[in-house]
Amino acid sequence: MIKDEEGESLMKKLGFILFILIFPCWVFASDFQWNVKAGAYNRVMGESSNILISFKPYASFLDFYAALDLEFNFEPSGAIKQSDWNSARAWIEKIGFLGYGEKDEMPAYFRFGAINDFSIGYGILVNRFNNDVYYPARKKAGFIGGYDLGYTGLELFVEDIIDLDFFGGRLFMRPLYGIENKDIPEFLLRKFVFGLSFITDTDPLDQDNVAGNYVLSKDDPDSTPVRAYAADISLTFLETENYSVNNYIQYGDVQKIGAGFGYGFTGKVFGFLEYKGEFNYSWGGFTPFYFNSFYDVREIRSMKFSDSALAPNGWGYMIGFYVNPFKNLFKAGVEFSDNAGEKPLLNLYLYLKPGLVKRLYIKFNYQRRDITGIVTALDMESTGSNVLMLVEIGYEITQNASVGFRYIKNYRELDGVNREEGLTEIQTNLMF
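Shown next as structure tokens:
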């Protein structure tokens, strides 16, 4: 068991954090909302099994929101796992999220925490990126943020606010925004967009050190910084309540590796079905959608910079369909890409909230690389190092109690060696 003084110190720190998070409830009671989700989990990883006690306090004030992710992981001996609490990084990992506003809904927004399904522009560089491929062994608190003033805007991201190795952004402009001309449809003026992007990874060979204990800014001396640039231009030439067509051209360049360009369409039909299609050409070792979720796997990332692994010149394509018919209560999508030098990549996702199907919630996210056929696309057994997957299913027994199942398939790195990792949890949660 942990020593009494260690336990007392830990409780004081937790109490202070909860006080800072919840105290404003009594000061600004009319605008504040808060709750605490408490749970007990049985977590199985490989051949090991642990019991976890979880507390997730949440608070919001106007358009600000914050949550903590406090997990007490018990060793088989009954002691609390101290490595979850004994470093500055471990404490920062307790931030579930901290933010203001939502992208595409407010003029400005930001969010600290896990990065999920993040793209910059039309994705020729950063496409559907996640920074949690090593969860739960390595949790990363990233940052996304930006603003949109109509005539100009900015979006930024940092993969890990502690390490500060991998980050970038996009500045975009609408040069015709605000011009009034009765002979030109308004959407042509306000949706003519030009964007410039910059991405850098100063330590692409970054890895965990001995025994998996991460050290702040412990860069790999063999790393060569990677810098990438992109430009895009888009114009909407049809927009009604239920139908729209937008076309774009984008160009991406990873310095000292190669470049590529793409021409594509986005839009919607029937009001709720969105689509995206693109043809692209790349050369010199560049692959479109370069920084995707698999880029965060060091073993795969290092292959991208190996001369023997450079992709050949050639054509590729991407096609995707997405639905969101019930105001985020149900969302689903599928995206398939096949580019020169890489075997196809498949993305599937489905999210269901209890408000649509009473008391039932589902989260499903599946990414598979190096597909060789329809069978391997959904083969979850002989996956090699090619799959990232999240399955979460829950049922609300009452308004304040739920049970759930969660399965995660991702990676773990130990002494520079990657291996697949599977996590299974049986959850019981109470809401206060």
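If you count the sequence shown from 1, position 43 lands on 28 in my numbering, and the numbers rise without skipping.
The beta-carbon is built from N, C-alpha and C at its ideal position, and this holds for glycine as well.
Computed from a prediction, not measured in an experiment: that's the story for all the values here.
- Kindly indicate if chain C contains any beta-carbon less than 7 Å away from that of phenylalanine 390. Protein chains in the displayed structure number just one, and chain C is not present.
- Message: Can you tell me whether serine 278 is buried or exposed? The criterion is at least 16 other CB atoms within 10 Å of its CB, across all chains shown.
- Response: buried
- Helix, strand or coil: how does DSSP classify alanine 213 here? strand
- Item | Three-state secondary structure assigned by DSSP to tyrosine 275 | coil
- Query: How long is the line joining the alpha carbons of tyrosine 132 and phenylalanine 49, rounded to whole angstroms?
  - Reply: 15 Å
- Query: Does the segment 311 to 326 come close enough to the segment 144 to 155 to have 3 or more Cβ pairs within less than 8 Å?
  - Reply: no
- Extent of the continuous alpha helix (DSSP H) run through arginine 175: 171 to 175
- Spell out a yes or no on whether the segment 27 to 42 and the segment 407 to 414 are touching, meaning 3 or more CB-CB pairs, one atom from each, closer than 8 Å. yes
- Query: Is valine 195 helix, strand or coil by DSSP?
  - Reply: Confidence in valine 195 is poor, its pLDDT being 39 and thus under 50, which makes the residue's placement too unreliable to answer from.
- Do the segment 251 to 262 and the segment 94 to 105 meet, that is, are 3 or more Cβ pairs less than 8 Å apart? The way I'd put it, the segment 251 to 262 doesn't touch the segment 94 to 105; fewer than three beta-carbon pairs between them come closer than 8 Å.
- Determine, using beta carbons only, whether asparagine 484 and glutamate 320 come nearer to each other than 7 Å. Missing from the structure shown is residue 484; the chain here goes from -14 to 417 and no further.
- Message: Within the continuous beta strand (DSSP E) that includes isoleucine 77, where are the two ends?
- Response: Isoleucine 77 -> not in any beta strand (DSSP E); alpha helix (DSSP H) instead, spanning 73 to 77.
- Message: Which of the three DSSP states is assigned to aspartate 281 in this structure?
- Response: helix
- 6 Å CB neighbourhood of leucine 156 in its chain, flanking five on each side removed: Within the same chain, and ignoring the five residues on either side of leucine 156 in sequence, the residues whose Cβ sits closer than 6 Å to its Cβ are Leu139, Leu181.
- Item | Contact set for alanine 386: own chain, Cβ-Cβ below 6 Å, skip 5 residues either direction | Leu415
- Message: Run through the DSSP bridge pairs and tell me what arginine 96 is partnered with.
- Response: Gly84, Ile129
- Task: Between the Cα of leucine 375 and those of Thr383, Tyr334, Thr357, spot the shortest distance and give me the residue it belongs to.
- Result: That would be Tyr334, whose Cα lies nearest to the Cα of leucine 375.
- Pick helix, strand or coil for arginine 286, following the three-state DSSP scheme. helix
- Sequence-distant residues of its chain with Cβ nearer than 6 Å to glycine 344 (five each side left out): Before going further, note that residue 344 is arginine rather than glycine in the sequence given. Tyr380, Glu381.
- Message: If I follow the unbroken beta strand (DSSP E) through arginine 22, where does it start and stop?
- Response: Correcting the residue type first, residue 22 is lysine in the shown sequence and not arginine. From DSSP, the beta strand (DSSP E) with lysine 22 extends over 17 to 30.
- Message: Can you tell me whether tyrosine 228 is buried or exposed? The criterion is at least 16 other CB atoms within 10 Å of its CB, across all chains shown.
- Response: exposed
- alanine 122 - DSSP class collapsed to helix/strand/coil: coil
- Looking only at C-alpha atoms, which of Gly358, Ile378, Lys66, Thr357 sits nearest to phenylalanine 349? Ile378
- Counting only the same chain and skipping the five closest in sequence on each side, list residues whose C-beta sits under 6 Å from that of glycine 389. Gly379, Gln412
- Query: Buried or exposed: where does aspartate 281 fall if 16 or more other Cβ atoms within 10 Å of its Cβ makes it buried?
  - Reply: buried
- Message: Please report the straight-line C-alpha distance between tryptophan 76 and leucine 110, rounded to a whole angstrom.
- Response: 31 Å
- Message: Suppose you measure from the CA of valine 239 to the CA of leucine 161; what does that come to, to the nearest Å?
- Response: If you draw a straight line from the Cα of valine 239 to the Cα of leucine 161, it is about 30 Å long.
- Message: Just verifying my parser: in three-state terms, what is the DSSP assignment at aspartate 69?
- Response: Aspartate 69: helix per DSSP, three-state reduction.
- Message: Ignoring anything shorter than 3 residues, give me the beta strand (DSSP E) runs that lie fully in the segment 137 to 164, in order along the chain.
- Response: Entirely contained in the segment 137 to 164, the beta strand (DSSP E) runs reaching 3 residues are, in chain order, 137 to 143, 151 to 158.
- Message: Nearest by alpha-carbon distance to aspartate 102: which of Arg123, Ile129, Tyr119, Gly84 is it?
- Response: Ile129
- Message: With a threshold of 8 Å on Cβ separation, who are the neighbours of leucine 173 within its own chain once the five nearest residues in sequence on each side are excluded?
- Response: Answer for leucine 173: Leu161, Leu220, Thr221, Phe222, listed in chain order.
- Task: Could you please give the first and the last residue of the uninterrupted beta strand (DSSP E) stretch that includes aspartate 323?
- Result: 315 to 323
- Item | Cβ neighbours of arginine 397 in the same chain (closer than 7 Å, five flanking residues each side left out) | Tyr119, Ala122, Arg404, Glu406
- Message: Less than 7 Å between the C-beta atoms of tyrosine 43 and asparagine 20, yes or no?
- Response: yes
- Query: What's the gap between the Cα of phenylalanine 46 and the Cα of aspartate 16?
  - Reply: 6 Å
- Taking the alpha-carbon positions, what's the valine 143 to threonine 137 distance? 21 Å
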